[in-house]
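K.L.:
In terms of this note's numbering, the sequence shown opens at residue 30 and continues consecutively. I have a structure I would like to understand better, so I am pasting it below and will then ask my questions one at a time.
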Amino acid sequence: MRSLDESRVEINKIDKQLIKLLQDRLKVVVDVGIYKKNNGMEIYQSDRENEVIETIINSLDTGIEFYAYRFMATLMDISRDFQHKQIGYSSHDIPKSLNKFKCGLIGNVLSHSLSPRIHNDFFNMFNIDGSYSLFQVPESKSRGIVQSLKTLGIDAANVTIPYKEVVMPQLDEISEDAIRIGSVNTIKLVNGKSYGYNTDYFGIGAMFEKGEVDIKGNDFYVLGSGGSAKSVIRYLKDKEAKNITVVTRNIQAATTFLGDIVNDIIDYNQMKNILNSYCVINTTPVGMYPNVDNTPIDSTIIKKFEVAVDLVYRPVNTQFLIEAKNQGLRTVSGLYMLVAQAVKSEEIWLNIPCTKKIIEKLFDMLSKYLEITKESLFLVGFMGAGKTTVGEKLALSLNIPFKDCDEFICNKYGMTIADIFEQYGEEYFRQIEAEALIELNSLGPAIIATGGGCVTNNTSKNFLMSKNCVYLKYGIDTLYARIKGDANRPLVDNKENLDKRLKTRDVLYQEVAKGVIECENLSVLNIVDLIINRLEQDNAYKNY
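Below is the structure:
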């Protein structure tokens with residue numbers, strides 16, 4: 030193994046070689062640009078760049094491909110910029126990857142969307158200066174969606190229900206696939222012009238392939254008759270499904286909307302009479318969070334199939350899929366489709382090839398995120414441990430709500446904690462605190478900051494022992510420096526008495542917590558990172 034000095038000498042040597050190679054490359058780049066310009070050829074050829082990058086990356090050892098991609102993409106950017114300055118040209122197709130890339134999702138109800146996490150993870154993966162936002166548009170404003178994007182200077186957007194068809198007449202150009210499918214879910218804006226595409230079709234195919242759904246020669250029942258159903262039907266027909274039957278609540282409306290792409294349309298009552306078949310696909314929002322107990326069809330019908338597919342991805346295991354598993358069916362979640370269509374959108378926007386490696390990486394990241402946020406996480410610790418401060422930052426990082434138990438109690442009873450202690454005593458407070466913890470947990474997954482003394486109540490303690498809890502641990506010197514003189518804390522005492530109380534409670538905190546963080550000398554962000562790292566390891570907390 031080299032010494033530090035030897036390693037630095039070697040790095041300097043490699044860097045000099047890289048710069049020399051960059052100089053040589055830029056000279057050739059200019060020659061290529063001049064030739065193309067003189068012969069009337071397109072200066073920028075995204076397919077060529079993508080092919081070069083993908084060929085190089087596929088030849089690399091596993092583990093560095095994403096770093097190599099970032100390196101190659103940056104090198105391509107630099108080369109284009111140098112080429113432009115040397116020979117002078119402009120093309121609206123040249124990606125603006127050296128500038129801030131602004132994009133987002135257009136829809137009506139978007140509060141539970143996972144799209145920002147997927148796309149922002151994509152930007153981080155490739156070191157792209159980009160942001161992905163949610164644009165919740167009321168129906169009354171839907172006719173001006175594309176113009177609003179132009180006015181706001183947005184570079185690109187995804188479109189979800191109910192606007193996939195609404196945006197089509199607003200666009201300057203629409204891809205053949207989107208026209209054939211009859212909906213647009215991806216928009217690119219360049220030099221004042223808008224272009225529409227459909228990546229749902231690609232995502233559906235990727236999902237079926239991932240789930241090993243055998244299409245050719247098999248029968249399919251599609252639940253729902255909206256835009257998603259239309260995309261699914263198109264894909265099934267293209268891949269030679271034997272029979273496709275649409276199941277809907279309004280046969281007349283479905284017939285009008287779907288046209289001649291499907292012949293068999295029945296209502297849900299008629300499903301009771303069907304014989305055994307191959308696959309049933311739910312394209313409706315039934316079972317989507319927060320209505321997770323609902324299912325589009327019951328188990329007596331589900332058991333007639335071999336495979337069940339649900340385009341709903343939150344929760345990943347919908348009640349529909351749970352019922353199907355219980356009946357022995359093979360099940361496929363829509364989560365992979367969501368990721369695949371998102372990566373395909375990025376290919377359209379930024380000319381980054383939509384490879385299976387990228388899709389799988391983002392799918393794994395999203396699956397881990399959903400696993401660690403499927404239930405609430407409780408922060409326990411002594412007063413002054415920073416449970417609220419850490420909790421707020423942690424919730425922001427995980428994009429889930431933050432709840433403070435003390436604040437919840439104050440709002441519910443219209444009194445400060447100190448006033449409740451003074452008027453009703455600590456025993457009464459601990460009782461309503463236990464009730465508050467249970468109520469907060471029932472509101473859905475969140476980061477919940479508990480009160481410092483909650484573990485002294487048996488109801489609270491037993492409840493927390495059954496939940497995911499992390500103990501933020503500090504020594505008495507740090508805690509006392511933070512809380513002394515705080516009139517809002519009814520149990521603040523002299524340092525000696527507080528130390529005795531801390532030692533008693535420390536045992537209780539350790540008892541309820543699945544993980545302990547020694548917080549001394551750590552920043553808030555350090556603590557947040559440690560918690561997330563442990564969460565990502567299958568929720569298997571340990572002391573650190």
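Positions of the beta carbon are idealized from the N, C-alpha and C atoms, including for glycine. Keep in mind the model is a prediction, meaning the values are calculated, not measured.
According to the neighbour-count rule (16 or more other Cβ atoms, all chains shown, within 10 Å of its Cβ), is residue 320 buried or exposed?
P.N.:
Exposed: under 16 other Cβ atoms inside 10 Å.
K.L.:
Ignore the nearest five residues each way along the sequence and tell me which others in residue 427's own chain have a CB closer than 6 Å to its CB.
P.N.:
The residues are 402.
K.L.:
With H, G and I counted as helix, E and B as strand and the rest as coil, what does DSSP make of residue 292?
P.N.:
Here residue 292 sits in coil by DSSP.
K.L.:
Once the 5 residues before and after residue 119 are set aside, which same chain residues still bring their CB inside 8 Å of it?
P.N.:
Residue confidence is low: residue 119 scores 48 on pLDDT, short of 50, so the model does not pin down where it sits. Its coordinate-derived value is still stated next. Answer for residue 119: 113, listed in chain order.
K.L.:
Report the rounded CA-to-CA distance for residue 274 versus residue 332, giving the unit in angstroms.
P.N.:
Distance between the alpha carbons of residue 274 and residue 332: 17 Å.
K.L.:
Curious, which full-length alpha helix (DSSP H) runs of at least 4 residues does the region 148-211 contain?
P.N.:
Entirely contained in the region 148-211, the alpha helix (DSSP H) runs reaching 4 residues are, in chain order, 174-181, 205-210.
K.L.:
When burial is assigned at 16 or more other CB atoms within 10 Å of the CB, is residue 122 buried or exposed?
P.N.:
Because residue 122 sits at a pLDDT of 42, beneath the cut-off of 50, its placement in the model cannot be relied upon, and the point is left open.
K.L.:
Look at the Cβ atom of residue 250, then the Cβ atom of residue 309, and state whether they are nearer than 8 Å.
P.N.:
Closer than 8 Å, so yes.
K.L.:
Please determine, among 247, 508, 130, 541, the residue with the shortest C-alpha to C-alpha distance to residue 525.
P.N.:
The shortest C-alpha separation from residue 525 is found at 508.
K.L.:
Is the CB-CB distance between residue 462 and residue 486 below 8 Å?
P.N.:
Yes, the Cβ-Cβ distance between residue 462 and residue 486 is below 8 Å.
K.L.:
For residue 503, which of helix, strand or coil comes out of DSSP?
P.N.:
Of the three classes helix, strand and coil, the one that applies to residue 503 here is coil, per DSSP.
K.L.:
Along the alpha helix (DSSP H) that carries residue 627, what are the first and last residues, could you check?
P.N.:
The requested residue 627 is not part of the displayed model; the chain covers only 30 to 573.
K.L.:
Report yes if the CB atom of residue 339 is closer than 8 Å to the CB atom of residue 311, and no otherwise.
P.N.:
Cβ atoms of residue 339 and residue 311: closer than 8 Å.
K.L.:
Rounding to the nearest angstrom, what Cα-Cα distance links residue 448 and residue 490 in this structure?
P.N.:
So the two alpha carbons sit approximately 24 Å from each other.
K.L.:
When you compare the CB positions of residue 24 and residue 366, do they come within less than 8 Å of one another, or not?
P.N.:
With the chain represented from 30 up to 573, any question about residue 24 goes unanswered, as that position is not in the structure.
K.L.:
If we count the other Cβ atoms within 10 Å of its Cβ and call it buried at 16 or more, is residue 300 buried or exposed?
P.N.:
Buried, since its Cβ has 16 or more Cβ neighbours within 10 Å.
K.L.:
Using 8 Å as the threshold, is the region 408-421 in touch with the region 185-193, meaning 3 or more CB pairs across them?
P.N.:
Contact fails: fewer than three Cβ-Cβ distances are below 8 Å.
K.L.:
Would residue 443 and residue 501 qualify as a contact pair, given that the criterion is a beta-carbon distance under 8 Å?
P.N.:
Their beta carbons are not under 8 Å apart, which means residue 443 does not touch residue 501 by this criterion.
K.L.:
For residue 255 and residue 190, which I take to be in contact (beta-carbon distance under 8 Å), what is that distance rounded to the nearest angstrom?
P.N.:
The pair is a contact, with the Cβ atoms about 7 Å apart (cut-off 8 Å).
K.L.:
Using the Cβ count rule (16 or more neighbours within 10 Å means buried), how would you classify residue 278?
P.N.:
Answer is exposed; the Cβ neighbour count stays below 16.
K.L.:
Where residue 126 and residue 342 are concerned, what is the direct C-alpha to C-alpha distance, given to the nearest angstrom?
P.N.:
Low local confidence applies: a pLDDT of 46 at residue 126 is under 50, so the model's placement there is unreliable, with the coordinate-based value given in what follows. So the alpha carbons of these two residues sit roughly 30 Å apart.
K.L.:
Across which residues does DSSP place residue 308 in a beta bridge pair?
P.N.:
According to DSSP, residue 308 bridges with 249, 336.
K.L.:
Along the beta strand (DSSP E) that carries residue 272, what are the first and last residues, could you check?
P.N.:
Taken as a continuous stretch (DSSP letters only), the beta strand (DSSP E) holding residue 272 covers 272-277.
K.L.:
When you compare each of 174, 477, 257, 104 to residue 232 by their alpha carbons, which one comes out closest?
P.N.:
Ranking 174, 477, 257, 104 by Cα distance to residue 232 puts 257 first.
K.L.:
What would DSSP say about residue 434, mapped onto helix, strand or coil?
P.N.:
Three-state DSSP puts residue 434 in a helix.
K.L.:
Between the Cα of residue 387 and those of 130, 368, 378, spot the shortest distance and give me the residue it belongs to.
P.N.:
Residue 387 has its Cα closest to that of 368, out of 130, 368, 378.
K.L.:
Is DSSP giving residue 343 helix, strand or coil here?
P.N.:
It is coil, neither helix nor strand.
K.L.:
Ignoring anything shorter than 4 residues or poking outside the region 371-453, list the alpha helix (DSSP H) runs there in chain order.
P.N.:
If we require 4 residues or more, the alpha helix (DSSP H) runs fully inside the region 371-453 come out as 385-401, 416-427, 434-442, 446-453.
K.L.:
Taking 8 Å as the threshold, find out whether the region 353-366 comes into contact with the region 378-398 through three or more Cβ pairs.
P.N.:
Segments in contact, yes.
K.L.:
Given a threshold of 16 other Cβ atoms within 10 Å of its Cβ, counted over all protein chains shown, does residue 199 qualify as buried or as exposed?
P.N.:
The residue in question, residue 199, is buried, as its Cβ has 16 or more Cβ neighbours within 10 Å.
K.L.:
Going by DSSP, what residue range makes up the beta strand (DSSP E) through residue 547?
P.N.:
That run of the beta strand (DSSP E) goes 544-547.
K.L.:
From residue 43 to residue 157, what distance separates their C-alpha atoms?
P.N.:
Near 25 Å, if we compare the C-alpha coordinates of residue 157 and residue 43.
K.L.:
Going by beta carbon distance, what residues of the same chain come within less than 7 Å of residue 101, once the five residues before and after it are set aside?
P.N.:
Taken in chain order, the residues that qualify are 82, 85.
K.L.:
At the level of alpha carbons, what is the spacing between residue 347 and residue 315?
P.N.:
Those two C-alpha atoms are separated by around 9 Å.
K.L.:
In the DSSP assignment, find the beta strand (DSSP E) that holds residue 226 and state where it starts and stops.
P.N.:
Its beta strand (DSSP E) spans residues 222-226.
K.L.:
How close, in whole Å, do the beta carbons of residue 476 and residue 424 come, if the pair is a contact with beta carbons under 8 Å?
P.N.:
With a Cβ gap of about 4 Å, residue 476 and residue 424 count as contacting.
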